[in-house]
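Peer 1: Numbering-wise, my numbering comes out as the position in the sequence shown, counting from 1, plus 3.
Glycine included, C-beta positions come from ideal geometry on N, C-alpha and C.
Just so it is clear, the structure is predicted and the values come from calculations on it, not from any experiment.
Sending over a structure as structure tokens; questions will come in a sec.
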Amino acid sequence: MSQKLWSLAMQIRPKHFSRLSCLSILVTLLMSCGGGSSSSPTPPPNNDGSAQAPDPTPDFDEVDSAFQTFIDESEVFDGISYVIVDAQETLHTATFGDHTVDTVVLLASTSKVPAVMTLLALEEDSDSTFDMDQSIGEMLPFEGIYADRTPTQLVSNTSGIPGLRQLTLYGPHLCQFTFNTSVTFESCGEVLLSVPLPDSHDAGSIFDYGGSQWQLAGVTAAFSANATWNQLVDEYLGTPCQLEVFTFGNMWEDLTLWDGSAASLLGQSNPNIEGGAITNLADYAKLLQVHLNGGFCGETRVLSETALSKMREDRGGVVEKDPTPYGMGWWISTDNSGVYDDPGAFGSVSFVDTERGFAGYVAIDDYRRLDADAPVRLVRREIIPLLQAAFDAIAE
């Protein structure tokens with residue numbers, strides 16, 4: 004690495020990222036590995052004004068009760084909310100504690116599925132030259148040690164670039180976690196590509212979750228399209244899906260500055276690709292429907308069925324070292340066929356059951372990280388099985 008690039012790396016590295024800060028982020032990111040209200044759609048009237056007999060709708064009472072019990076018994080969380088969709092509509096929305104349908108949350112790693120959707124949509128754009136299977140060095144205007152990795156490898160955590168387990172050794176790579184306006188998305192990307200990390204591996208040889216590889220995927224897409232990351236998100240997801248608040252920022256440097264409003268989101272000039280998105284229930288519901296209806300938002304095709312299938316293809320489980328069932332953005336359940344999920348470090352989680360044709364998103368807005376894996380455990384062990392039973396009941 005040249006002296007000039009090393010100097011740039013040292014300038015970009017946020018000064019307030021102490022070893023303690025690194026450990027705090029590491030713990031947060033790796034954790035990804037009151038009365039309620041609910042609503043379900045009412046059937047439309049017939050032309051004669053009488054109520055039309057609706058298609059059978061799953062009974063969500065037991066699911067609501069499980070969430071209510073969780074909040075009642077929790078000493079950490081003051082609220083939780085969720086939404087369930089099928090290919091056609093939002094089937095059910097419920098809020099508990101201090102949540103409302105308008106609650107906006109920091110998603111952490113539940114940002115990963117929408118990030119991959121953006122990358123794949125860019126690749127499928129006939130006017131784009133971005134290629135998920137092309138080495139990123141061929142698409143970037145600068146060179147570096149990781150230039151031979153592909154976006155597919157980057158977002159399946161199989162690029163060989165050390166993931167979040169090595170965060171305390173990231174050094175200049177910590178630029179991806181700052182909202183400091185002196186740090187640009189592009190300049191940080193050059194550092195990530197060019198500054199080697201300890202314990203790097205050959206591409207395709209190891210599963211190593213998260214970190215710099217995800218940021219490099221976003222930087223490559225932005226350079227390829229001559230656009231900012233959020234411009235791509237808006238073009239391929241926000242506009243066709245009519246999203247209200249969904250966007251990417253970067254609050255990791257100081258989570259206390261987030262006040263629950265989109266206006267308080269920092270770091271949009273250096274968005275964190277793997278964990279920087281914000282959303283409300285309605286926005287994420289629309290994104291999940293894309294995975295059930297063949298790739299559409301309304302009348303607009305957002306992704307092909309081939310692209311959606313690629314996201315669910317196991318890439319992390321076929322490597323030699325630390326094989327882990329993982330697609331691109333989706334963790335793959337090994338004991339629940341057809342189920343894929345995307346949990347975040349604060350407790351939010353999205354999931355899809357492709358066999359039964361439903362998907363869901365659960366929102367959490369407590370960022371103290373005192374028991375952040377509890378909502379994910381609840382969803383995996385109780386909520387998804389209850390939902391499956393409810394859908395199976397109407398299929399009989």
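Could you work out which residue in Pro117, Thr113 and Asp89 is closest to Leu311 when comparing CA atoms only?
Peer 2: Closest option to Leu311, Cα to Cα, is Pro117.
Peer 1: Verify whether the separation of the beta carbon atoms of Trp232 and Pro274 is less than 8 Å.
Peer 2: Yes, these two residues count as a Cβ contact at 8 Å.
Peer 1: Considering only residues of the same chain and omitting the five flanking positions on each side of Glu65, which have a CB-CB separation below 6 Å?
Peer 2: Excluding residues within five positions, the ones whose Cβ falls inside 6 Å are Leu389.
Peer 1: Would you report the Cα separation of Tyr364 and Ala265, rounded to the nearest angstrom?
Peer 2: C-alpha separation (whole angstroms): 19 Å.
Peer 1: Buried or exposed for Phe282, please, with buried defined as at least 16 other CB atoms from any protein chain shown within 10 angstroms of its CB.
Peer 2: It is Thr, not Phe, that sits at residue 282 in the sequence shown. Counting Cβ neighbours within 10 Å, Thr282 comes out buried, since at least 16 surround it.
Peer 1: Pick helix, strand or coil for Cys300, following the three-state DSSP scheme.
Peer 2: Correct three-state label for Cys300: strand.
Peer 1: Which runs of the alpha helix (DSSP H), 4 residues or longer, sit entirely within the region 262-315?
Peer 2: The region 262-315 contains these whole alpha helix (DSSP H) runs: 284-293 and 308-315.
Peer 1: Under a Cβ-count criterion, where at least 16 other Cβ atoms within 10 Å of its own Cβ denotes burial, should Asp257 be classed as buried or exposed?
Peer 2: It is exposed - the Cβ of Asp257 has fewer than 16 other Cβ atoms within 10 Å.
Peer 1: How should Glu193 be labelled, buried or exposed, when 16 other C-beta atoms within 10 angstroms of its C-beta is the threshold for buried?
Peer 2: Glu193 should be labelled buried.
Peer 1: Using a Cβ distance threshold of 8 Å, determine whether the region 78-92 contacts the region 367-380, with at least three qualifying pairs required.
Peer 2: Yes: at least three Cβ pairs fall under 8 Å.
Peer 1: Okay, do the region 294-313 and the region 123-134 touch, 3+ Cβ pairs below 8 Å being the bar?
Peer 2: Judged by Cβ distances under 8 Å, the region 294-313 makes contact with the region 123-134, as three or more pairs qualify.
Peer 1: So what's Tyr343 in DSSP terms, helix, strand or just coil?
Peer 2: Of the three classes helix, strand and coil, the one that applies to Tyr343 here is strand, per DSSP.
Peer 1: Considering only their Cβ atoms, is the gap separating Leu246 from Asp286 smaller than 8 Å?
Peer 2: For Asp286 and Leu246, yes; Cβs fall inside 8 Å.
Peer 1: For Ala220, which of Leu295, Pro154, Val79 and Ala348 has the nearest alpha-carbon?
Peer 2: The shortest C-alpha separation from Ala220 is found at Pro154.
Peer 1: With contact counted as at least three CB pairs below 8 Å, one residue from each stretch, are the region 324-331 and the region 350-360 in contact?
Peer 2: As far as the Cβ criterion goes, the region 324-331 does not touch the region 350-360, which means the pair count is below three.
Peer 1: For Arg152, count neighbouring Cβ atoms within 10 angstroms of its own Cβ and tell me buried if that reaches 16, exposed if not.
Peer 2: Looking at its Cβ environment, which holds 16 or more other Cβ atoms inside 10 Å, Arg152 is buried.
Peer 1: Count the other CB atoms within 10 Å of the CB of Gly297; is the residue buried (16 or more) or exposed (fewer)?
Peer 2: Gly297 comes out exposed.
Peer 1: Can we say the region 238-254 touches the region 200-212, given the rule of at least three CB pairs closer than 8 Å?
Peer 2: No, they do not touch.
Peer 1: Just mark Ser267 as buried or exposed, buried being the case when its beta carbon has 16 or more other beta carbons within 10 Å.
Peer 2: Answer is exposed; the Cβ neighbour count stays below 16.
Peer 1: If you follow the beta strand (DSSP E) that Pro163 is part of, which residue opens it and which one closes it?
Peer 2: Here the sequence assigns Gly to residue 163, which means Pro is not the residue at that position. Per DSSP, Gly163 belongs to no beta strand (DSSP E) and is neither H nor E.
Peer 1: If you check the beta carbons only, do Val88 and Met314 fall under 8 Å apart?
Peer 2: No, Cβ-Cβ distance for Val88 and Met314 is not below 8 Å.
Peer 1: By DSSP, does Phe394 sit in helix, in strand, or in coil?
Peer 2: It is helical.
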